[in-house]
Structure formats: C-alpha cells, structure tokens
Amino acid sequence: MPAISPAYYAPNYNNLLHHSPLYNEINALSQISNIFVKSLCIWLLQVIGLLSLIVLCLWLALRPKSPSYSIVFISIGQPSNSNENNTIFYNLDIENPNKDSSIYYDDTILSFLYGEQEDDVGETTIGSFHQGTGNTRDVSDTVNAKPRPFKPLLNAISNATRVKSCFDHKISIQDMGN
C-alpha cells in the first residue's frame with residue numbers, strides 16, 4: 001500500500017479575521033452606528049412632520065376670510081313717463097367676518113345686471129373705506145338705470161325675475177399684529 005502523506009491545509013486568514021475580537025468590536029460599533037443613524041432619521045422625520053402639521057393648522061386657523069355682501073333691500077322705481085330717469089334703490093350690508101383682521105376697500109363698482117346676456121342695467125361706485133374687525137357696514141344709495149335694458153326689466157318684474165349684482169373691487173387685509 002502506498003504511503004499517505006499528511007494533507008497540508010493552508011490557514012484561512014479570512015476565517016481567522018471574522019472570529020477575531022477586533023472584528024467583533026468593529027462589527028458591533030458598525031451595528032450601533034447604523035441603529036443610531038436610523039433612529040436619528042426617524043426622529044428628524046417625526047419632528048418635520050409635526051412642525052408641518054402645526055404650520056398647516058395655524059395657516060388654516062389664521063388665514064383671513066373674504067368679506068360677505070348682502071343686498072338687504074332693493075326697489076326699482078317705475079317712472080311716470082318714458083323720459084324720466086329710472087332709479088334703483090338698494091340697501092347693501094358688507095360684513096367683515098374676520099375677528100383679527102381689518103379690511104381696506106378701494107373704490108368698489110356695484111353693477112346690476114339683467115337677462116341671459118347680463119345687460120348692464122346700472123352701476124354705481126362705492127367710495128373707498130376702512131372696515132374694522134367683525135364689523136358690518138350698511139350702504140344705502142340709488143343707481144340711475146340705463147333706459148334700454150331697464151324697459152324689459154320692468155316688464156319682467158311681474159314674473160318674479162332675477163336681477164344679478166356684481167362687485168368689482170380691490171381689498172387689502174391687515175392683521176392686528178401688523
């Protein structure tokens with residue numbers, strides 16, 4: 001029988017490195033730093049999310065509301081003859097619903113429109129003014145109506161027709177803190 005020579009096994013240095021105490025310390029520190037970085041990222045995302053939610057809530061709660069306009073009374077005078085000026089009497093309430101913001105109005109153009117083509121029956125200008133917080137302003141005035149669209153309007157009044165009013169205005173809202 002032939003002689004069996006002892007097998008030579010070369011040492012596996014990779015295997016030795018993975019089981020060395022230095023490798024175990026480096027691996028443990030690496031795992032700890034990975035956990036720390038992940039925790040820090042999650043914490044930062046939570047803080048950013050919470051701050052975003054707070055800013056959204058504050059913006060929704062504090063943003064100013066637009067003023068509301070209500071025509072409380074309207075009367076259309078009927079002329080005694082066709083040569084007279086036609087007059088529309090109106091009473092308008094302008095409400096500032098903001099509890100902490102006042103409103104500055106530039107000149108406001110109030111137009112009365114009638115019909116499907118929205119013919120301009122008449123218009124007037126309400127002068128610029130300042131309205132304090134939570135106030136309602138009462139505006140009463142007359143409008144000289146244009147004769148051409150006014151005659152069909154008078155004929156349609158008995159049929160409970162609708163008259164449309166439009167506002168063309170520019171406002172500035174100022175918070176109390178400013």
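Note that UniProt numbering numbers the sequence shown so that position 119 is 119, with each residue one more than the last.
Every residue gets a Cβ at the ideal spot worked out from N, C-alpha and C, and that includes glycine.
Buried versus exposed, by CB contacts within 10 Å (16 or more), residue i
i, result
"P56", "Looking at the sequence shown, residue 56 is not Pro but Leu. L56 is exposed by the Cβ-count criterion."
"F73", "exposed"
"L92", "buried"
"L44", "exposed"
"L60", "exposed"
Straight-line Cα distance separating residue j from residue i
i, j, result
"N178", "I32", "Bear in mind that the predicted position of N178 carries a pLDDT of just 47, short of 50, making it unreliable; the figure below should be weighed with that in mind. For N178 and I32, the distance between alpha carbons rounds to 50 Å."
"I126", "Y114", "20 Å"
"D120", "G49", "52 Å"
"V47", "P64", "28 Å"
"C41", "L62", "31 Å"
"E95", "N86", "29 Å"
"D100", "G134", "8 Å"
"I88", "C166", "15 Å"
"A145", "G122", "5 Å"
"V143", "D168", "16 Å"
"T136", "S70", "10 Å"
"D138", "L58", "32 Å"
"F36", "S52", "24 Å"
"Q78", "S66", "35 Å"
"S39", "I54", "23 Å"
"S111", "E118", "10 Å"
For residue i, the first and last residue of its enclosing beta strand (DSSP E)
i, result
"R63", "Per DSSP, R63 belongs to no beta strand (DSSP E) and is neither H nor E."
"E123", "D119 to I126"
Where residue i sits in the DSSP three-state scheme
i, result
"G132", "coil"
"G49", "helix"
"N34", "helix"
"N86", "strand"
"N27", "helix"
"N178", "Caution is warranted here: a pLDDT of 47 is assigned to N178, below 50, making its placement in the model unreliable, and no coordinate value can be reported."
"D168", "strand"
Closer than 7 Å: residue i CB and nearest the ligand FMN heavy atom
i, result
"G127", "Among the components of this structure there are no ligands whatsoever, and the ligand FMN is therefore not found."
Among the options, nearest to residue i - alpha-carbon criterion
i, options, result
"S140", "S75, Y105 and P67", "S75"
"D107", "Y90, H130, G122 and Q117", "H130"
"S68", "S52, I103 and P147", "I103"
"S128", "T136, Y105, S111 and P147", "Y105"
"P97", "G132, I109 and L53", "G132"
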